[in-house]
Structures are given as C-alpha cells and as structure tokens.
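Residue numbers (this note's numbering), protein chains in the order written: chain A, 5 to 219; chain B, 486 to 969.
For glycine and all other residues, C-beta sits at the position ideal for the given N, C-alpha and C.
Quantities reported herein were computed from a predicted structural model and do not represent experimental measurements.
Data block below; observations after.
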C-alpha cells in the first residue's frame with residue numbers, strides 16, 4: 005500500500021462529508037506530508053467523488069456547495085505549504101466571477117462558482133453588484149484566465165458589454181476569456197457583446213470553461 | 486367581478502392557531518434582536534419615526550413588538566382593486582377567491598407553434614385574452630418583457646398596452662429600474678383612470694413592494710412604496726425568499742423569515758402612510774437541489790403559501806399569491822401541479838392568485854394554457870362553493886313526491902331550475918361517451934387553441950378610443966424623451 009493512503013482517504017472523506025473542521029484538523033495533523041500529494045490524493049479525490057455523485061443524482065447542490073467550501077478552505081492551507089516549499093501547483097485555471105453592477109442576485113453565480121471549484125478551478129468570487137472596474141482590477145491582480153459575469157436583470161446585463169470594453173481599454177482582453185450567464189442572457193447576446201462563451205446553466209458553464217481554457 | 490366563495494374558504498390545514506402564535510413570537514424575537522438591514526436613508530428615517538431602533542451607521546433597523554402591533558392596527562382588513570369598468574371590480578380580503586393571469590419571457594406562438602421571445606404584440610394579445618376570459622379577475626404583466634422595445638422604456642410601453650387593451654385591474658412589480666419608471670407608470674395609470682384623483686378614488690392597480698432576502702430593505706422598493714402610496718394604490722408586501730437558498734430549508738423556518746420580512750414592510754408602509762391598504766403575498770419557491778432552479782410546482786410551495794395566508798388572517802390583513810408550474814409547456818405535469826396549488830390556495834382563502842397562462846415558473850406562457858387555466862379556475866370556484874344547504878335545496882317535498890321508482894327527476898321543474906347553478910358545465914373538458922370519443926374527437930389543447938384564436942380574432946378592446954390615444958401620445962413623449 006502506498007504511503008499515507010489511509011490519511012489521504014480520510015482527507016477525501018472530509019470533503020465528501022462537507023466537514024470543514026475535520027478537514028482542517030487532519031491537515032494540521034498532516035503537516036509533514038507532501039502538500040501537493042495531499043491536494044491531489046486527498047482533497048482532489050474527495051471533490052471528484054462529490055462531482056461524480058452529483059452527476060449520478062446521489063447528492064444535490066447543498067452537498068456540492070458544502071464540499072466546495074471544504075475544498076476551498078483546505079486548498080488555502082495547502083497553498084501556503086506549497087509556496088513555503090518553493091513548489092507550484094497546477095491549477096485548471098483561475099476564474100474571477102461576480103454578479104454585475106445593478107444586480108444583487110447571488111444564487112446562480114454562487115452555484116457556478118462552487119461547480120467550478122468542484123471541478124478544480126481556482127475561483128475568486130467578487131460577490132454581487134460588482135463595479136465595472138472591479139472586474140478589470142481583479143482580472144489583472146489575480147492574473148485570471150477567465151472572467152465570469154452573471155445577472156438576472158435585463159437592464160443589468162448591458163454592463164457585461166461595458167466590462168468587456170473596459171478589459172479591452174486596459175489592454176488585457178487578449179489575456180482573459182470571458183464567459184457570461186443568467187436567465188436573460190442568450191448566445192446571441194454573448195456574441196453581440198463579444199464574450200467568448202455563454203453558459204446556460206452551471207454544468208454548461210463548467211463544460212464551456214473546459215473548452216475555453218483547453219484544460 | 487364577483488369572486489368564488491364558500492363557507493370553508495380561509496381554512497388552512499398547514500398550521501394550527503397555536504402554531505401561528507409560535508411563529509409570531511419567533512418573528513418578534515428576530516425583528517427585535519436581529520432586525521433588518523436597510524440601504525435607504527428615507528426608510529431608516531421612517532422606521533425611526535415609529536419607534537424602531539436604528540443602529541450600525543443607520544443601516545440596521547430593529548423593530549420592537551409594540552411597533553409591529555401599532556402597524557397592524559392601522560392596516561385595513563380589506564380593500565378593492567377596481568376595474569375601469571364596474572363589472573371588473575375585485576374585493577381583496579372579503580372571503581372571495583379570484584384568479585388573474587401570469588405570463589413569461591417566452592411564448593409559444595399560437596399561430597405558428599414556434600416558441601420564441603415575447604414582443605409588444607404579445608403584450609396586446611395577452612391583455613385582450615385576459616379581458617375576454619370569464620374567470621380572469623385581473624392581470625399580472627401581460628407579458629414579462631418586450632424584446633422588440635428598448636429596455637429604458639420597456640415598462641412604460643408594456644403598461645400602456647395593458648391599459649389600452651383591458652379594463653380589468655392589474656398588478657405591478659418593479660421591472661427595469663429605469664430612471665423614469667415610477668413616475669411614468671403612475672402617469673399612465675392616471676390617464677387610464679381619467680385623472681390622478683380618479684385613480685386615488687378607484688385604484689385599478691395593486692402595487693408590489695419586495696424585500697431582498699435575507700432581511701434587506703431595498704432602495705428601489707422604497708421608491709416604489711412611496712410612489713404607490715402617494716398615488717393611492719394598495720400594496721402587496723412580500724419577500725421572494727427561496728427555501729434552501731435565501732431562506733431556511735425547513736418550512737417552519739421559511740414561515741418565520743418570510744413573515745419577518747413581510748412585517749418589516751408592513752411597518753415601513755404604515756410608517757409612511759398610516760391606514761394605507763396592503764396585503765401579504767406568497768411567492769416563496771424552494772430551490773430544486775439538483776439544478777438550482779427556483780421551483781414553484783412543488784407541494785411545499787403552496788403549503789408555505791397557505792401558511793402565509795393563515796398568518797395574514799392572524800394579523801388581520803388579506804393575502805394574495807403567485808401560482809405556477811415547473812413544467813415548461815402544457816402537459817400533464819402542468820395540469821396536476823397548477824390544479825393542486827390553486828385548490829390549496831382557494832381553501833386557504835387567498836384572495837387573488839396570479840396564475841392563468843403561465844408555465845415554466847414564470848418564464849413561459851401560451852394563450853391556450855390561459856384558456857385551460859380559465860377552465861380550471863371555474864372548477865375550483867365550484868369546489869369552494871361546497872354544499873349549500875337550505876330548505877329548497879334540501880328538496881324534501883320533491884324527494885317524497887318523485888320516489889320510489891318509476892318516478893324520475895328528469896321531468897321536474899326543480900331540476901331545470903337548479904342544475905345550472907349546482908353543476909359545473911365545462912366548456913372544454915371532455916364529457917363524451919367512450920365510444921363516441923373513440924370514433925373521433927378534438928384533443929383538449931386543440932379546443933383551447935381554437936378558443937384562444939377566436940378571442941384574438943374577435944375580442945375588441947373595451948377601452949375608449951380617446952383614452953387609448955392619450956396613452957399613445959404619452960408613450961410617444963416617453964420615447965422621444967428617453968430613446969430618440
């Protein structure tokens with residue numbers, strides 16, 4: 005049996021159980037274990053399990069979101085250790101996400117954020133009613149691979165086009181992909197404003213992200 | 486329009502009187518301890534004026550029990566939504582059950598069968614359909630958006646077309662947030678009523694003021710509350726809290742949070758204008774945990790709704806509701822979900838439910854579904870009547886006279902007198918013998934489509950041409966001001 009395999013399984017199980025306290029406790033206990041390995045064989049395994057269970061209808065959004073929250077907390081701890089060891093970890097991609105200015109709807113955006121996290125992406129969630137410049141600033145600051153914008157309001161979705169323009173003006177549009185979503189958003193609208201993709205629901209957003217980032 | 490009524494209307498089997506008190510006590514504790522976040526200084530001043538504590542940089546409002554009691558004391562127990570034609574007047578809170586339309590952002594074109602986005606012509610058609618159908622007592626937006634009109638003037642054109650094509654009362658909820666939305670719509674409603682005073686005297690619009698869950702009093706809705714109250718329009722106060730997402734996943738927890746949020750708006754409205762008519766409203770889906778969709782066709786949705794109606798009774802105010810299905814177009818799921826929800830609502834004594842025509846949780850609509858729902862509304866009206874017991878209906882003498890065999894009631898004048906009132910004679914539902922049906926029949930939905938087409942081809946607007954012209958002139962002014 006491979007070294008520490010029981011430990012990794014326990015870490016994975018805390019993700020499946022949505023048990024953040026247990027996860028952080030185990031990570032404390034495993035301070036001497038290779039963080040990259042813990043990430044892949046522990047947290048990663050757990051989140052893949054949840055993703056599979058969600059796909060087959062064994063668990064639902066509350067577990068998926070709960071598991072993504074544990075994953076996020078665990079990754080934050082492990083990231084520190086990885087950095088300290090001078091190594092780098094491979095990410096599926098970094099995504100800056102938010103509900104655009106003029107709209108306070110949170111749920112759809114948060115579900116997409118959790119689904120992306122559950123699929124191995126690093127997500128920076130800017131929240132709701134996010135200023136145009138906030139998206140641009142965050143994209144630059146976090147060296148994002150993709151900017152994701154959400155809105156449920158027909159007037160507010162116009163701001164998605166404004167953000168894309170600002171990304172161009174800031175000279176970073178060619179460095180980031182842009183994906184948009186929300187009930188009034190359509191493929192036509194996404195094309196019109198020059199977005200790279202439109203996700204009609206959270207699963208579709210993940211699929212489109214995989215195509216966009218080629219990972 | 487006379488609504489449906491019966492002696493058991495207003496009975497909720499979801500919660501008991503004792504549980505109402507328990508919910509109320511919890512509501513009071515949450516409002517006193519946690520309160521509401523308030524992003525609007527005008528609202529904060531109003532809350533402060535009636536004795537609420539304003540804390541945390543004037544952004545947190547804590548509401549003491551005495552303030553809650555005072556607010557409900559000034560709420561009228563009932564009010565009217567007037568038709569602009571007396572036959573379309575609707576009483577809210579007087580024990581009658583009414584049904585109104587609801588639509589969507591998409592529609593199945595009745596002529597081509599194509600599912601597409603809604604346009605201005607659909608808004609006209611929706612209003613005419615609602616105007617013609619006998620069990621439609623009022624209108625929600627006659628479509629949810631005009632995809633062929635600019636966003637900035639979308640609400641104005643939509644309401645203008647509704648006012649031009651039906652005299653039934655309507656309801657309005659925040660749409661675009663465009664800068665002129667509030668004053669423009671109030672002006673259009675005044676034109677339709679024949680002036681500002683006429684609108685105050687006979688309001689034909691029920692306004693909506695909503696909370697941002699969990700527990701935030703919103704700036705936009707304060708604008709609307711003030712706009713509605715100044716124009717003399719009754720208001721429905723509610724929260725669109727979604728179980729499992731913006732509210733607790735337990736139904737009892739949902740009751741607490743929804744009533745907390747609703748009561749906060751009752752206090753705000755009564756602080757601004759004591760005695761202003763208002764009602765509660767049920768619009769509280771649960772989140773579908775597989776897709777994240779806000780689900781309306783589920784049993785918990787209308788169970789929470791009937792609980793809200795019970796709490797409205799507890800506080801002495803009326804209650805209205807939204808009803809819909811999660812099914813995307815007309816099918817068996819649409820039929821059973823809508824029928825069960827509406828029946829439950831009617832028994833709970835909900836005065837008005839926006840439901841006819843809509844499917845896919847307020848995203849889709851068809852005129853044939855509106856015709857089918859009109860039929861269902863008639864069935865529900867018949868159910869809630871119950872059994873009316875009086876000497877003539879008891880039929881004692883008749884029974885003694887006709888029986889035993891070979892007597893028959895077919896020949897009796899009593900039968901001719903009573904059957905039309907005591908039986909429902911459906912317009913569309915199948916009542917053929919099986920053999921006749923099997924030899925050839927028209928499917929129910931086809932019958933509904935035919936009736937809808939007939940209405941669209943023949944039903945003319947009842948609105949006076951000079952009013953229509955005045956509205957058109959105002960819409961031209963709005964377009965020139967905001968778009969051109």
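Report task. Report the partner residues of residue 540/B according to the DSSP bridge assignment. Result -> For the purposes of this step, residue 540/B is identified with residue 55 of the second chain, where counting begins at 1. Beta-bridge partners of residue 540/B (DSSP): 545/B.
Report task. Kindly give me the distance between the Cβ atoms of residue 86/A and residue 47/A, rounded to whole angstroms, as I take these residues to be in contact under 8 Å. Result -> In the first chain, the residue the question calls residue 86/A occupies position 82. In the first chain, the residue the question calls residue 47/A occupies position 43. At roughly 12 Å, the Cβ-Cβ gap does not stay under 8 Å, so residue 86/A and residue 47/A are not in contact.
Query raised in the report: For the 8 Å Cβ check, are there 3 or more pairs between the stretch 85–104 of chain A and the stretch 148–165 of chain A?
Result: Enough Cβ pairs lie closer than 8 Å, so yes.
Report task. Check the DSSP bridge columns for residue 109/A and list the partner residues they point to. Result -> Start at 1 with the first residue of the first chain, and residue 109/A comes out as number 105. Answer is none; residue 109/A lacks a bridge partner.
Query - Continuous alpha helix (DSSP H) assignments of at least 4 residues falling wholly in the stretch 605–668 of chain B - result: Within the stretch 605–668 of chain B, the complete alpha helix (DSSP H) runs of at least 4 residues are 605–617, 639–650.
Query raised in the report: Between residue 799/B and residue 505/B, which are expected to be in contact by the criterion C-beta below 8 Å, what is the C-beta distance as a whole number of angstroms?
Result: What you label residue 799/B is simply residue 314 of the second chain in a count that begins at 1. What you label residue 505/B is simply residue 20 of the second chain in a count that begins at 1. The pair is a contact, with the Cβ atoms about 5 Å apart (cut-off 8 Å).
Report task. Using a cut-off of 7 Å between C-beta atoms, extract the partners of residue 630/B located in chain A. Result -> Sequence index remark: in the second chain, residue 630/B carries index 145 (1-based). The contacting residues are 158.
Query raised in the report: Given 8 Å as the limit, is there contact between the stretch 823–838 of chain B and the stretch 782–799 of chain B, that is, 3 or more CB pairs closer than that?
Result: Flag = yes, the stretch 823–838 of chain B and the stretch 782–799 of chain B touch.
Query raised in the report: Along chain B, in chain order, which residues have C-beta atoms closer than 9 Å to that of residue 206/A?
Result: In the first chain, counting from the first residue as 1, residue 206/A sits at position 202. Under the 9 Å cutoff, chain B gives 776, 777.
Query raised in the report: What residue does the alpha helix (DSSP H) around residue 71/A start on, and which one ends it?
Result: Within the first chain, numbered from 1, the residue matching residue 71/A stands at position 67. Its alpha helix (DSSP H) spans residues 65–88.
**Report entry** Chain-ordered neighbours of residue 111/A on chain B, where CB pairs are closer than 9 Å
**Finding:** Locating residue 111/A in the first chain gives position 107, counting from the first residue. Ordered by position in chain B, the residues that pass the 9 Å Cβ test against residue 111/A are 727, 730, 731, 772, 777, 779.
Query raised in the report: What does DSSP give as the partner residues of residue 150/A in its beta bridges?
Result: Here residue 150/A refers to the residue found at position 146 when the first chain is read from its first residue. 99/A, 181/A.
Query raised in the report: Applying a beta-carbon distance threshold of less than 9 Å, which residues of chain A neighbour residue 769/B?
Result: As a first step, residue 769/B is located in the second chain; it is residue number 284 there, counting from the start. Against chain A, a Cβ distance below 9 Å from residue 769/B picks out nothing, because the smallest value is about 14 Å.
Query raised in the report: Checking contacts by CB at 8 Å: is residue 203/A closer than that to chain B?
Result: Within the first chain, numbered from 1, the residue matching residue 203/A stands at position 199. No Cβ of chain B is located within less than 8 Å of the beta carbon of residue 203/A.
Report task. Kindly indicate which three-state DSSP category residue 52/A falls into: helix, strand or coil? Result -> If you number the first chain from 1, residue 52/A lands on position 48. Helix at residue 52/A.
Query - For residue 173/A, three-class secondary structure by DSSP - result: As a position in the first chain, residue 173/A is number 169, starting the count at 1. In the three-state reduction of the DSSP assignment, residue 173/A falls in the helix class.
Query - Helix, strand or coil at residue 728/B [DSSP, three-state] - result: As a position in the second chain, residue 728/B is number 243, starting the count at 1. If DSSP states are grouped into helix, strand and coil, residue 728/B belongs with the strands.
**Report entry** Contact residues within the stretch 643–671 of chain B, judged by C-beta distance below 9 Å to chain A
**Finding:** Under the 9 Å Cβ criterion, the stretch 643–671 of chain B contributes 660, 661, 662, 663.
Requested in this report: Establish whether the CB of residue 61/A and some CB of chain B are separated by less than 8 Å.
Outcome: By 1-based counting over the first chain, the position of residue 61/A is 57. Residue 61/A counts as touching chain B.
Requested in this report: Tell me where the beta strand (DSSP E) around residue 586/B begins and ends.
Outcome: In the second chain, the residue the question calls residue 586/B occupies position 101. Taken as a continuous stretch (DSSP letters only), the beta strand (DSSP E) holding residue 586/B covers 583–586.
Query raised in the report: Just the Cα atoms here: how many angstroms apart are residue 122/A and residue 775/B?
Result: Residue 122/A sits at position 118 when you count from the first residue of the first chain. Residue 775/B sits at position 290 when you count from the first residue of the second chain. Cα to Cα, residue 122/A sits roughly 15 Å from residue 775/B.
Query - Under 7 Å by beta carbon: chain A residues contacting residue 697/B - result: For the purposes of this step, residue 697/B is taken as residue 212 along the second chain, with counting starting at 1. Under the 7 Å cutoff, chain A gives 108.
Requested in this report: Within 10 angstroms of the Cβ of residue 915/B, are there 16 or more other Cβ atoms? Answer buried if so, exposed if not.
Outcome: Taking the first residue of the second chain as 1, we reach residue 915/B at position 430. Taking all protein chains shown into account, residue 915/B has fewer than 16 neighbouring C-beta atoms within 10 Å of its C-beta and is therefore exposed.
Query raised in the report: Do you know how far the Cα of residue 576/B is from the Cα of residue 619/B?
Result: The count along the second chain starts at 1 and reaches residue 619/B at position 134. The count along the second chain starts at 1 and reaches residue 576/B at position 91. Pairing residue 619/B with residue 576/B, the inter-Cα distance amounts to about 16 Å.
Query raised in the report: What do you get for residue 472/B, buried or exposed, if any count of 16 or more other CB atoms within 10 angstroms of its CB means buried?
Result: Outside the modelled stretch of chain B, which goes from 486 to 969, sits residue 472/B, for which no answer is possible.
Requested in this report: Consult DSSP for residue 721/B and reduce its assignment to one of helix, strand or coil.
Outcome: In the second chain, counting from the first residue as 1, residue 721/B sits at position 236. In the three-state reduction of the DSSP assignment, residue 721/B falls in the strand class.
Query - residue 528/B - containing alpha helix (DSSP H), residue span - result: Taking the first residue of the second chain as 1, we reach residue 528/B at position 43. Start and end: 526–534.
Query raised in the report: What did DSSP end up calling residue 134/A once you bin it into helix, strand or coil?
Result: In the first chain, counting from the first residue as 1, residue 134/A sits at position 130. Strand, per DSSP.
Query raised in the report: What are the start and end residues of each continuous alpha helix (DSSP H) run of 4 or more residues lying completely inside the stretch 871–918 of chain B, in chain order?
Result: Correct list: 876–879, 881–887, 898–907.
Query raised in the report: Going by the beta-carbon positions, is the gap between residue 646/B and residue 608/B smaller than 8 Å?
Result: Here residue 646/B refers to the residue found at position 161 when the second chain is read from its first residue. Here residue 608/B refers to the residue found at position 123 when the second chain is read from its first residue. Yes; because the gap between Cβ atoms is below 8 Å, this pair is in contact.
Query raised in the report: What residues in its chain sit with their C-beta under 7 Å from that of residue 675/B, if we drop five residues either side in the sequence?
Result: The residue given as residue 675/B occupies position 190 in the second chain. Only residues of its own chain outside the window of five on either side were considered, and among them 681, 684 have a CB closer than 7 Å to the CB of residue 675/B, listed in chain order.
Query raised in the report: Between the Cα of residue 709/B and the Cα atoms of 761/B, 695/B, 818/B, 778/B, which residue gives the shortest distance?
Result: By 1-based counting over the second chain, the position of residue 709/B is 224. The residue from 761/B, 695/B, 818/B, 778/B with its alpha-carbon nearest to that of residue 709/B is 695/B.
**Report entry** Short CB-CB distance (under 8 Å) between residue 762/B and chain A
**Finding:** For the purposes of this step, residue 762/B is taken as residue 277 along the second chain, with counting starting at 1. So no, residue 762/B is outside the interface.
Query raised in the report: Is residue 603/B helix, strand or coil when you go by DSSP?
Result: Here the question's residue 603/B lines up with position 118 in the second chain. Looking at residue 603/B - three-state DSSP - the assignment turns out to be coil, as it is neither helix nor strand.
Query raised in the report: Cβ of residue 759/B less than 8 Å from any chain A Cβ?
Result: In the second chain, the residue the question calls residue 759/B occupies position 274. No - not a single Cβ of chain A is within 8 Å of the one on residue 759/B.
Query raised in the report: Is there at least one Cβ from chain A nearer than 8 Å to residue 784/B's Cβ?
Result: Within the second chain, residue 784/B is the residue found at index 299, counting from 1. For residue 784/B, no Cβ of chain A is located within less than 8 Å of the residue's own Cβ.
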